[in-house]
Amino acid sequence: MVKKAVIPAAGYGTRFLPATKAQPKEMLPLVDKPVIQYVVEEAVESGIKDILLIIGRGKRTLEEHFSKNYELEEQLRKSRKFTELEIIKDLPKDVWIHFVWQHEQKGLGDAVKCARNHVGNEPFAVLLGDTVLESYTDTPVTGQLIDVYNQFEEAVLALEEVPKEKVSRYGVIGGEELEERIYSIQRLVEKPDIDTAPSNLVIASRYILPPEIFSALDMVQPGKGGEIQLTDALHLLVQDRNMYGYHFIGRRHDLGNKLDWLKTNILYGLKREDISEGLVPWLRQVLDGETSH
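Numbering of the sequence shown is given in the numbering used here, commencing with residue 26 and proceeding in unit increments.
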């Protein structure tokens, strides 16, 4: 049973400078909620109540965001701003969020290694802190992966299909489809050439991993920039045990770059009745070449 989640959130966010000079990229808003809150809520809605955030220098804001702000809450009560008070309410009281530091930026694999003591000998979910996965079902994407894990009790990776010309940006899997949307993974290739990629199914920033991943990570040699890649450890793991991929029902929103962040804000704004009423006619004006506000 998957009871714990690990959320790596220690990266510098250099693609968003200067906005991320003094604030974490994970705190950038998606409409009016920080990206990291969407990720944590996905874990909670998937039934996970023990969450570990891997943070680094300049990430104290993440701790503050998930801490109770008594002064603000009291001020909102006095001002009778009950809608705003409801918006900032805490996560359920039985949800625990912990923090551990990644002291050096040595890649995603190294960040996951920081969770070893917290995870212990249990399977756990990994959710990248700068990516929002929108589910098209009532079950969050991490919950979809947990359902597959409960069936096979082996590592499960979230998969999405991308155009062939984009496979060189991702970790790509090779394998066979066992049943609808579920794949048996035989190999993994990090950022392959278009002509040598084993498929156009790529790893989509969500994982259910067994504790044996830590032994595999210990064996991985640092690569470019001295980084330890999680995909390399998964490649070692699949040599000795079964591994599965699930082509999740939903859509990935990568908020790690400016263009996709802007696109996703517009998409999520269109979903909001209080915003779309004004946003839709404004977008039409822009498309018609008008620039008024």
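Just so it is clear, CB atoms sit at the ideal spot from N, CA and C, and this is done for glycine as well.
In this structure, glycine 199 sits away from threonine 256, with a CB-CB distance that is not shorter than 7 Å. With respect to the 7 Å criterion, threonine 289 and arginine 231 are not classified as neighbours on the basis of their beta carbons. For methionine 268 and leucine 153, the gap between their C-alpha atoms comes out near 20 Å. In the same chain as glutamate 159, and ignoring 5 residues on each side of it, the C-beta atoms closer than 6 Å to its own belong to Gly275 and Arg276, in chain order. Between alanine 35 and glycine 134, the gap from beta carbon to beta carbon reaches 7 Å or more. Ranking Met26, Arg212 and Ala229 by CA distance to the CA of proline 223 puts Arg212 first.
Boundaries of the beta strand (DSSP E) around lysine 29: 29-33.
For isoleucine 233, the closest C-alpha among the options Lys118, Trp121 and Asn175 is that of Asn175. The shortest CA-to-CA distance from glutamate 129 to any of Gln100, Ile79 and Pro148 is the one to Ile79. Shown here, proline 306 sits in a helix according to DSSP, grouped into three states. DSSP lists Val157 as the bridge partner or partners of histidine 278. Glutamate 51 places its beta carbon less than 7 Å from that of valine 60. Spatial neighbours of aspartate 279 in its own chain (CB-CB distance under 7 Å, excluding positions within 5 residues in sequence) are listed in chain order as Thr156 and Asp285. If you compare the alpha carbons of Arg105, Ala30 and Asp57 with that of glutamate 70, the shortest gap goes to Ala30. Excluding its 5 nearest sequence neighbours in each direction, arginine 82 has no C-beta neighbour in its own chain below 7 Å. The C-beta separation of glycine 270 from leucine 242 comes to about 20 Å, leaving the pair out of contact by the 8 Å criterion. Distance between lysine 84 and alanine 47, taken at the CA atoms: about 9 Å.
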